[in-house]
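The block underneath contains the structure these notes are about, expressed in structure tokens.
There are 2 protein chains.
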Amino acid sequence: MKLYDSVRAPNPRRVRIFLKEKGIEIPTVTVDLGAFEHRDAAFSKVNPLQRTPALELDDGTVITESVAICRYFEEIRPEPALFGRTAIEKARVEMWNRRAELELFVPIAHVFRHGHPGMAKHEVPQVAEWAEANRPKMMAGLALLDEQLGGSQFLAGDAYSIADITALCAIDFMKPTKTRVPDEMVHLLRWHHEVSARPSALP
Amino acid sequence: MKLYDSVRAPNPRRVRIFLKEKGIEIPTVTVDLGAFEHRDAAFSKVNPLQRTPALELDDGTVITESVAICRYFEEIRPEPALFGRTAIEKARVEMWNRRAELELFVPIAHVFRHGHPGMAKHEVPQVAEWAEANRPKMMAGLALLDEQLGGSQFLAGDAYSIADITALCAIDFMKPTKTRVPDEMVHLLRWHHEVSARPSALP
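Read top to bottom, the protein sequences are chains C and G. Under my numbering, think of the first position of the first sequence as 4, with each following residue one higher. Under my numbering, think of the first position of the second sequence as 4, with each following residue one higher.
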């Protein structure tokens, strides 16, 4: 088994944190996105979509998409459960993982990819107006999470889950957009402090 | 248990097809998106994000996000399995469901929401340039699925899954973008013909 990983990018980080929470160590190959190694012939054979992370199993099967990779590990090593245990918990984790993605991660990614000069060769065409349109969506996503965390220790309830991992990686990815979580979002800041202090979140 | 549903919109349709495949019937409440009923006070209490579908359980818990709702039903009624059975199958279904969403459903939705005059009050601001930027992404998504279906009966392998439901609802949602699956994508057209003929896909 082999994980194709990249530093700094938020999606590979989701899988790294997930694996640390599970206590799983596997061989990794670092793909340098800055040097466009994800577009070279060797990696394109592994993942024709030219994105990291990608998990290559011993039989040659390649699984891409961060959440699909995480789900594979949840199945082969169920503890600690990071996708929920009961039907309602599993649905709640799925719901909050998707909200963290769709309402926060995606707007942040679009602000960055369509607004940052350093991304001009990665995102073609860059649409500056679309970057700007995503700033209020990003703030609304933060507010949604802040409200939820006012009544809940973690995003999907009492237990840390993949939804927290997605939200953490999204928020830390706001840095290049030059935005911070507003001081008045005290619940989100409390939670961010807590999940950032877990050993899994450290570099 | 109660499902808040809407006609014509692709996400509620994903849940309807899923339930039919499972043989599950539950009471539904139709929310008229054209009349902006999803933004009225009553529905906003059910789902503050003002979107359908939403599933209200008997204890008052509300689950939103189509895939989260489907996952809940997969847990309480496992057969027929629509999220895969083994670890690898589950990872493959997750991967292809996400690819169908991210590479196809999302670009189609953006072409429609940002390009169609009828959506001007729903999508604020509409960014015409972003609609256009999504047309090639949409075509690339179709090509990705066509290639996969050249070697596989269904998207994630030999068994029909939620990935097929997502892709079917995405493709049928191309109609308002005035685009069709190109004739040369024979594998995708073969698959579309087959999944459209299942009783679950009928209105």
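Glycine included, C-beta positions come from ideal geometry on N, C-alpha and C.
Closer than 8 Å, CB to CB, is C:Trp-4 near chain G or not?
For the purposes of this step, residue 4 of chain C is identified with residue 1 of the first sequence, where counting begins at 1. According to the sequence provided, residue 4 of chain C is Met. The question's Trp does not apply to it. No, no contact with chain G.
Three-state secondary structure assigned by DSSP to C:Lys-124
Residue mapping note: residue 124 of chain C aligns to position 121 of the first sequence, counting from 1. Note: C:Lys-124 maps to coil in three-state DSSP.
Cutoff 7 Å; reference G:Pro-56; Cβ partners in own chain excluding five residues on either side:
The count along the second sequence starts at 1 and reaches residue 56 of chain G at position 53. Once the five neighbours on either side are set aside, the close Cβ partners of G:Pro-56 are Leu-6, Tyr-7, Asp-8, Asn-14, Pro-15, Val-18, Ser-69 and Ile-72.
If C:Trp-194 and C:Leu-152 are in contact, beta carbons under 8 Å, what's the gap, nearest whole angstrom?
Taking the first residue of the first sequence as 1, we reach residue 194 of chain C at position 191. Taking the first residue of the first sequence as 1, we reach residue 152 of chain C at position 149. Right, the Cβ-Cβ distance comes to about 5 Å (below 8 Å), so this counts as a contact.
Which residues in the same chain have their Cβ closer than 8 Å to the Cβ of G:Ile-27, if we skip the five residues on either side of it in sequence?
On the second sequence, residue 27 of chain G is found 24 positions in, with the first residue counted as 1. In chain order, Phe-76 and Arg-80 place their CB closer than 8 Å to the CB of G:Ile-27, counting only its own chain and leaving out the 5 sequence neighbours on each side.
Roughly how many angstroms separate the alpha carbons of C:Ala-90 and C:Ala-143, rounded to a whole number?
Within the first sequence, numbered from 1, the residue matching residue 90 of chain C stands at position 87. Within the first sequence, numbered from 1, the residue matching residue 143 of chain C stands at position 140. If I take the Cα positions, the gap works out to 28 Å.
Please classify C:Ala-44 as buried or exposed, where buried requires at least 16 neighbouring CB atoms within 10 angstroms.
In the first sequence, counting from the first residue as 1, residue 44 of chain C sits at position 41. C:Ala-44 is exposed by the Cβ-count criterion.
With G:Ile-168 as the anchor, note down where its alpha helix (DSSP H) starts and where it stops.
By 1-based counting over the second sequence, the position of residue 168 of chain G is 165. It spans 165–175 - the alpha helix (DSSP H) in which G:Ile-168 sits, taken as one unbroken run.
Could you tell me which of C:Gly-87, C:Glu-150 and C:Glu-24 sits nearest to C:Arg-201, measuring between CA atoms?
Start at 1 with the first residue of the first sequence, and residue 201 of chain C comes out as number 198. Checking every option, the nearest Cα to that of C:Arg-201 belongs to C:Glu-24.
Please tell me whether G:Glu-59 has its Cβ less than 8 Å away from any Cβ of chain C.
Translated into the one-based positions of the second sequence, residue 59 of chain G becomes position 56. It does not: the Cβ of G:Glu-59 has no partner Cβ on chain C nearer than 8 Å.
Using a Cβ-Cβ cut-off of 8 Å, state whether C:Tyr-75 counts as contacting chain G.
Here residue 75 of chain C refers to the residue found at position 72 when the first sequence is read from its first residue. Closer than 8 Å: yes.
Can you check whether the C-beta of G:Ala-71 is within less than 8 Å of a C-beta belonging to chain C?
Residue mapping note: residue 71 of chain G aligns to position 68 of the second sequence, counting from 1. True, the Cβ-Cβ gap to chain C drops below 8 Å.
Candidates C:Pro-120, C:Phe-21 and C:Ala-103, of which the one nearest C:Glu-82 by Cα:
For the purposes of this step, residue 82 of chain C is taken as residue 79 along the first sequence, with counting starting at 1. The shortest Cα separation from C:Glu-82 among C:Pro-120, C:Phe-21 and C:Ala-103 belongs to C:Phe-21.
Taking 8 Å as the cut-off, does the stretch 119–132 of chain C touch the stretch 161–173 of chain C (at least 3 CB pairs, one atom from each stretch)?
no
Report all residues from its chain with a CB closer than 6 Å to the CB of G:Leu-171; omit the five preceding and five following residues, and keep chain order.
Numbered from its first residue, the second sequence carries residue 171 of chain G at position 168. Taking C-beta separations shorter than 6 Å and ignoring five residues to either side along the sequence, the partners of G:Leu-171 in its chain run Val-198, following chain order.
Per DSSP, which one or two residues make a beta bridge with G:Ile-66?
For the purposes of this step, residue 66 of chain G is identified with residue 63 of the second sequence, where counting begins at 1. For G:Ile-66, which the question treats as bridged, DSSP gives the partners G:Leu-58.
Which bits of chain G does C:Trp-133 rub up against, with CB to CB less than 8 Å?
If you number the first sequence from 1, residue 133 of chain C lands on position 130. Those within 8 Å of C:Trp-133 in chain G are Val-130, Glu-132, Trp-133 and Ala-136.
Less than 6 Å between C-beta atoms, sequence neighbours within five positions excluded: which residues of the same chain meet that for G:Gln-129?
Looking up residue 129 of chain G in the second sequence gives position 126. If we look at G:Gln-129 and ignore the five residues flanking it on each side, its Cβ neighbours are His-117 and Ala-123.
DSSP bridge partner residues for C:Tyr-7 (one or two, in chain order):
To locate residue 7 of chain C, count along the first sequence from 1; it is residue 4. By DSSP's assignment, C:Tyr-7 forms a beta bridge with C:Val-32 and C:Ala-57.
In angstroms with no decimal places, state the Cα-to-Cα distance between G:Leu-158 and G:Arg-74.
Translated into the one-based positions of the second sequence, residue 158 of chain G becomes position 155. Translated into the one-based positions of the second sequence, residue 74 of chain G becomes position 71. Approximately 18 Å, taken between the alpha carbons.
Run down chain C in chain order and give the residues with a C-beta less than 9 Å from the C-beta of G:Thr-64.
Translated into the one-based positions of the second sequence, residue 64 of chain G becomes position 61. Chain C residues near G:Thr-64: Ile-91, Ala-94 and Arg-95.
Residues of chain C with a CB under 9 Å from the CB of G:Ile-79: which are they?
In the second sequence, the residue the question calls residue 79 of chain G occupies position 76. Listed along chain C are Ala-90, each with a C-beta nearer than 9 Å to that of G:Ile-79.
Once the 5 residues before and after C:Glu-106 are set aside, which same chain residues still bring their CB inside 6 Å of it?
Here residue 106 of chain C refers to the residue found at position 103 of the first sequence. Answer for C:Glu-106: Gly-144 and Leu-147, listed in chain order.
Is it right to say C:Val-114 is buried, meaning 16 or more other beta carbons lie within 10 angstroms of its own, or is it exposed?
Mapped onto the first sequence, residue 114 of chain C falls at position 111. C:Val-114 is buried by the Cβ-count criterion.
Can the beta-carbon of C:Met-98 be found closer than 8 Å to that of G:Thr-64?
The count along the first sequence starts at 1 and reaches residue 98 of chain C at position 95. The count along the second sequence starts at 1 and reaches residue 64 of chain G at position 61. Result no, Cβ atoms of C:Met-98 and G:Thr-64 do not sit closer than 8 Å.
Cβ-based contacts, 9 Å cut-off: residues of the stretch 36–60 of chain C near chain G
Within the stretch 36–60 of chain C, the qualifying residues are Pro-51, Leu-52, Leu-58 and Leu-60.
Just how far apart, CA to CA, sit G:Glu-150 and G:Asp-175?
Residue 150 of chain G sits at position 147 when you count from the first residue of the second sequence. Residue 175 of chain G sits at position 172 when you count from the first residue of the second sequence. Their backbone Cα atoms lie some 19 Å apart in a straight line.
Alpha-carbon spacing of C:Pro-51 relative to C:Arg-42, whole angstroms:
Within the first sequence, residue 51 of chain C is the residue found at index 48, counting from 1. Within the first sequence, residue 42 of chain C is the residue found at index 39, counting from 1. Roughly 9 Å between the two C-alpha positions.
Proximal chain C residues relative to G:Thr-67, where beta-carbon distance stays under 7 Å:
By one-based count along the second sequence, residue 67 of chain G stands at place 64. Chain C residues near G:Thr-67: Met-98.
Would you say G:Arg-19 reaches chain C, if we count a Cβ-Cβ gap shorter than 8 Å as a contact?
The residue given as residue 19 of chain G occupies position 16 in the second sequence. False, the Cβ-Cβ gap to chain C never drops below 8 Å.
Chain-ordered neighbours of C:Arg-16 on chain G, where CB pairs are closer than 8 Å
For this step, residue 16 of chain C is matched to residue 13 along the first sequence. Neighbours of C:Arg-16 on chain G: none; closest Cβ ~17 Å, over 8 Å.
Minimum Cβ-Cβ distance from C:Arg-193 to chain G less than 8 Å
Within the first sequence, residue 193 of chain C is the residue found at index 190, counting from 1. No - not a single Cβ of chain G is within 8 Å of the one on C:Arg-193.
Excluding the 5 residues flanking G:His-196 on each side, which residues of the same chain have their C-beta closer than 8 Å to its C-beta?
As a working note, residue 196 of chain G is residue 193 in the second sequence. Counting only Cβ-Cβ distances below 8 Å, and skipping sequence neighbours, we find nothing.
Cβ of G:Arg-102 within 8 Å of any chain C Cβ
As a working mapping, residue 102 of chain G is identified with position 99 in the second sequence. For G:Arg-102, the answer is yes, since a Cβ of chain C falls inside 8 Å of its Cβ.
Residue environment, G:Pro-185, which counts as buried when at least 16 other CB atoms sit within 10 Å:
Stepping through the second sequence from its first residue, residue 185 of chain G is reached at position 182. Under this definition G:Pro-185 is an exposed residue.
Straight-line CA distance for G:Arg-95 to C:Val-189?
Against the second sequence, residue 95 of chain G aligns to sequence position 92. Against the first sequence, residue 189 of chain C aligns to sequence position 186. Straight-line Cα distance between these residues: approximately 39 Å.
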